[in-house]
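K.L.:
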Amino acid sequence: MDLANFDHHTPIPGTTLFDGEQAMKGYALNKMCYSFNGAAAREEYLADPEAYFDKFSLNEGQKTACRNKNVLEMIAQGGNIYYLAKFAGIYKLSVQDVGAQQTGMTTEEFKEKLLRAGD
Amino acid sequence: MAKIIGGLTTSHIPAVGNAIANELFEEPYWKPFFDGYPPIREWLDKHKPDIAINIYNDHGLGFFLDKMPTFAIGAAHEYIGEDEGWGIPALGAFPGDPKLSWHIIEGMVADEFDITSCQELAVDHGFTVPMQLFWPGAPNNKDLPRTVPISANTVQHPIPTLNRALNFGKSLRKAILSYPEDVKVVILGTGGMSHQLDGARAGFINKEFDQMCMEKIVTDPEALTKISRRELVEKAGAQGTEFLMWMMMRGALGDNVKALHTNYHIPISNTGAGTMMLECTD
């Protein structure tokens, strides 16, 4: 393979490929979200989110995205959806809620869109 | 000698774990999905495999971005389904077969596949949901086979190519077939099919592409190796890259297989859900 022809950075609309660049950018944010696998960490976060952001050294952009619970902003800050799902889980948001938020729909509209994909 | 009797594919969506916990099998939303499994359970009941090689992708439980193995193989006495953070019930321990694991690792590294070996590995829904679907009540099912989990990276690009995934399976097959014990082995390829959870394209599902993949995986898996990783993301969605697990499974089955059963249903959660039972005929 010709290494000059790596094509995985070619843009795909509405899609952020989580590559090395994103992984470096979002490391602190994703590490915080990874910690939410543990129940004690989830409780510690909910007791004082701001202190928890600082514990993982989130930058201001990442903190703002988390405060806003805005998934597109979190992705722009280097968040990876598999780790962000654990953040969403703390707030009992399903992947349909998360999809709806990112596409500007209600959750019901988003579910309807998924059903239509089967037609 | 060890024998590979066939391969099973299934999506491994977390919502399925909750649906199983809540016994929603007959609900209109879930029935078309769950109805895809009884024929596979009958086949398993007839053949009673000793070993299930469970090829899945970890989603941020067993591995983090600090160290991200491209291909990891479990070499533990047991694997625990742990808390993933968003409410799917944590399951108990699934028995492993470390002797076979090390045989596979030795064989594949000798074959120049560089493997990360794992003496401890927490397994997530990618591993546990398929086990529950194929062996109801798992890990508490008397016929539950011993397992060897194999996880490929689809969290962080660069991910493996489809060609590498198929060749991984071929190397895995050689390693298994050289195992001296008389064990019957079934290969699980889990994940997919098309779905995208993140970004403005969230909710993307591609029925036509999924159905093409389900056809070619039986008759001409080599043709699927022509799909670039970018094209896979574009056609299957950002998380549809889990189809790599199906390619790894298929490579382990040998040249000729017969599809005994297939099921495809949209949507389960955000995903096109595909289930297949492939029997080895070589």
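Protein chains in written order, with the working numbering: chain A, 695 to 813; chain B, 3 to 284.
Here a beta-carbon is modelled for each residue, glycine too, at the ideal position from N, C-alpha and C.
Can you list, in chain order, the residues of its chain whose CB lies under 8 Å from that of G783 of chain A, leaving out five sequence neighbours each side?
P.N.:
As a position in the first sequence, residue 783 of chain A is number 89, starting the count at 1. Excluding sequence neighbours, G783 of chain A sits near F730.
K.L.:
Distance, Cα to Cα, G189 of chain B vs R231 of chain B?
P.N.:
Taking the second sequence and counting its residues from 1, one reaches residue 189 of chain B at position 187. Taking the second sequence and counting its residues from 1, one reaches residue 231 of chain B at position 229. The residue you asked about is not Gly; residue 189 of chain B is Ile in the sequence shown. Each residue's Cα considered, the two are about 24 Å apart.
K.L.:
With 16 other CB atoms within 10 Å as the buried threshold, where does S751 of chain A fall?
P.N.:
If you number the first sequence from 1, residue 751 of chain A lands on position 57. Counting Cβ neighbours within 10 Å, S751 of chain A comes out exposed, since fewer than 16 surround it.
K.L.:
Would you check if the distance between the CB atom of G19 of chain B and the CB atom of I82 of chain B is smaller than 9 Å?
P.N.:
Walking along the second sequence from the start, residue 19 of chain B turns up at place 17. Walking along the second sequence from the start, residue 82 of chain B turns up at place 80. Taking 9 Å as the Cβ cut-off, G19 of chain B and I82 of chain B do not qualify as a contacting pair.
K.L.:
Check whether chain A comes within 9 Å of S271 of chain B, counting only Cβ atoms and requiring the distance to be less than that.
P.N.:
For the purposes of this step, residue 271 of chain B is taken as the residue at position 269 of the second sequence. So, interface residue.
K.L.:
Going by the beta-carbon positions, is the gap between G205 of chain B and M247 of chain B smaller than 9 Å?
P.N.:
Along the second sequence, one-based indexing puts residue 205 of chain B at 203. Along the second sequence, one-based indexing puts residue 247 of chain B at 245. No.
K.L.:
Suppose you measure from the CA of G28 of chain B to the CA of V150 of chain B; what does that come to, to the nearest Å?
P.N.:
What you label residue 28 of chain B is simply residue 26 of the second sequence in a count that begins at 1. What you label residue 150 of chain B is simply residue 148 of the second sequence in a count that begins at 1. Here residue 28 of chain B turns out to be Glu, not Gly, going by the sequence shown. Distance between the alpha carbons of E28 of chain B and V150 of chain B is about 32 Å.
K.L.:
Does Q241 of chain B get closer than 9 Å to chain A when you measure Cβ to Cβ?
P.N.:
Residue numbering aside, residue 241 of chain B sits at position 239 when the second sequence is read from its first letter. So, interface residue.
K.L.:
CA-CA distance, E767 of chain A and H105 of chain B?
P.N.:
Counting from one through the first sequence, the residue named residue 767 of chain A turns up at place 73. Counting from one through the second sequence, the residue named residue 105 of chain B turns up at place 103. Near 46 Å, if we compare the C-alpha coordinates of H105 of chain B and E767 of chain A.
K.L.:
Check whether the stretch 120-135 of chain B and the stretch 59-77 of chain B are in contact - that is, three or more C-beta pairs closer than 8 Å.
P.N.:
Judged by Cβ distances under 8 Å, the stretch 120-135 of chain B makes contact with the stretch 59-77 of chain B, as three or more pairs qualify.
K.L.:
For M695 of chain A, collect the residues of the same chain with a Cβ closer than 8 Å to its Cβ; drop the 5 residues on either side in sequence, then sort them by chain order.
P.N.:
Translated into positions along the first sequence, residue 695 of chain A becomes position 1. In this prediction, M695 of chain A scores a pLDDT of 43, lower than 50, which makes its location untrustworthy; the coordinate-derived value is nonetheless stated afterwards. Hits under 8 Å: none found.
K.L.:
Please classify A17 of chain B as buried or exposed, where buried requires at least 16 neighbouring CB atoms within 10 angstroms.
P.N.:
Numbered from 1 along the second sequence, position 15 holds the residue referred to as residue 17 of chain B. Buried: at least 16 other Cβ atoms inside 10 Å.
K.L.:
Where does H267 of chain B land, buried or exposed, given buried means 16+ other C-beta within 10 angstroms?
P.N.:
Residue mapping note: residue 267 of chain B aligns to position 265 of the second sequence, counting from 1. Buried, since its Cβ has 16 or more Cβ neighbours within 10 Å.
K.L.:
What did DSSP end up calling T11 of chain B once you bin it into helix, strand or coil?
P.N.:
Start at 1 with the first residue of the second sequence, and residue 11 of chain B comes out as number 9. If DSSP states are grouped into helix, strand and coil, T11 of chain B belongs with the strands.
K.L.:
Give the DSSP-derived three-state secondary structure of L752 of chain A in the structure shown.
P.N.:
Start at 1 with the first residue of the first sequence, and residue 752 of chain A comes out as number 58. Note: L752 of chain A maps to coil in three-state DSSP.
K.L.:
Taking 8 Å as the threshold, find out whether the stretch 173-189 of chain B comes into contact with the stretch 46-55 of chain B through three or more Cβ pairs.
P.N.:
Yes: the two stretches touch, three or more of their Cβ pairs being nearer than 8 Å.
K.L.:
Report yes if the CB atom of G720 of chain A is closer than 9 Å to the CB atom of N774 of chain A, and no otherwise.
P.N.:
The residue labelled residue 720 of chain A in the question sits at position 26 within the first sequence. The residue labelled residue 774 of chain A in the question sits at position 80 within the first sequence. Yes, Cβ-Cβ distance for G720 of chain A and N774 of chain A is below 9 Å.
K.L.:
What do you get for K741 of chain A, buried or exposed, if any count of 16 or more other CB atoms within 10 angstroms of its CB means buried?
P.N.:
Reading the first sequence from its first residue, position 47 is the one you call residue 741 of chain A. Reading off the sequence shown, one finds Ala at residue 741 of chain A, where the question assumed Lys. Flag for A741 of chain A reads exposed.
K.L.:
For T800 of chain A, decide whether its Cβ has a neighbour in chain B, counting only Cβ atoms nearer than 9 Å.
P.N.:
Position 106 of the first sequence, counted from the start, is the residue given in the question as residue 800 of chain A. No, because no Cβ of chain B sits closer than 9 Å to the Cβ of T800 of chain A.
K.L.:
Please list the partners that G772 of chain A has in chain B, where partner means a Cβ-to-Cβ separation under 9 Å.
P.N.:
If you number the first sequence from 1, residue 772 of chain A lands on position 78. Within chain B, no residue comes near G772 of chain A; the closest Cβ sits about 10 Å away, beyond 9 Å.
K.L.:
Within a Cβ cutoff of 7 Å, which residues of the same chain sit near L93 of chain B, ignoring the five residues on either side of it in sequence?
P.N.:
Indexing the second sequence from 1 puts residue 93 of chain B at position 91. G83, T130, P141, listed in sequence order.
K.L.:
So that I know if they touch, is there some Cβ in chain A lying closer than 9 Å to that of H49 of chain B?
P.N.:
Taking the second sequence and counting its residues from 1, the one referred to as residue 49 of chain B is at position 47. Output row for H49 of chain B: interface = no.
K.L.:
Where does E86 of chain B land, buried or exposed, given buried means 16+ other C-beta within 10 angstroms?
P.N.:
For this step, residue 86 of chain B is matched to residue 84 along the second sequence. Label assigned to E86 of chain B: buried.
K.L.:
What does DSSP give as the partner residues of P151 of chain B in its beta bridges?
P.N.:
Within the second sequence, the letter at position 149 stands for residue 151 of chain B. DSSP output for P151 of chain B lists B:N56 as bridge partner(s).
K.L.:
When you compare only the Cα positions, how much space is there between L697 of chain A and A734 of chain A?
P.N.:
Working through the first sequence from its first residue, we reach residue 697 of chain A at position 3. Working through the first sequence from its first residue, we reach residue 734 of chain A at position 40. At L697 of chain A the pLDDT is 49, less than 50, meaning the model places this residue with poor confidence and gives no usable figure here.
K.L.:
Mind listing the chain A neighbours of H61 of chain B? Cutoff is C-beta to C-beta under 7 Å, in chain order.
P.N.:
Numbered from its first residue, the second sequence carries residue 61 of chain B at position 59. Within chain A, the residues near H61 of chain B are Y776.
K.L.:
Mind checking if K33 of chain B is an interface residue toward chain A, Cβ cutoff 9 Å exclusive?
P.N.:
Here residue 33 of chain B refers to the residue found at position 31 of the second sequence. By this cut-off, K33 of chain B is not an interface position.
K.L.:
Apart from the five residues on each side of it in sequence, which residues of its chain come closer than 7 Å, Cβ to Cβ, to L102 of chain B?
P.N.:
Position 100 of the second sequence, counting from 1, holds the residue named residue 102 of chain B. Counting only Cβ-Cβ distances below 7 Å, and skipping sequence neighbours, we find I53, V150, Y181.
K.L.:
If you reduce the DSSP assignment to three classes, tell me which class K757 of chain A lands in.
P.N.:
The residue labelled residue 757 of chain A in the question sits at position 63 within the first sequence. K757 of chain A falls in the helix class under three-state DSSP.
K.L.:
By Cβ distance, which residues of its chain are closer than 7 Å to T797 of chain A, with the 5 residues on each side in sequence left out?
P.N.:
Sequence index remark: in the first sequence, residue 797 of chain A carries index 103 (1-based). F804.
K.L.:
Looking only at its own chain, which residues have a Cβ that is under 6 Å from the Cβ of G38 of chain B, when we skip the five neighbours before and after it?
P.N.:
In the second sequence, residue 38 of chain B corresponds to position 36, counting from 1. Here the set comprises N265, T277.
K.L.:
Indicate the three-state DSSP secondary structure (helix, strand or coil) for G128 of chain B in the structure shown.
P.N.:
Here the question's residue 128 of chain B lines up with position 126 in the second sequence. Helix at G128 of chain B.
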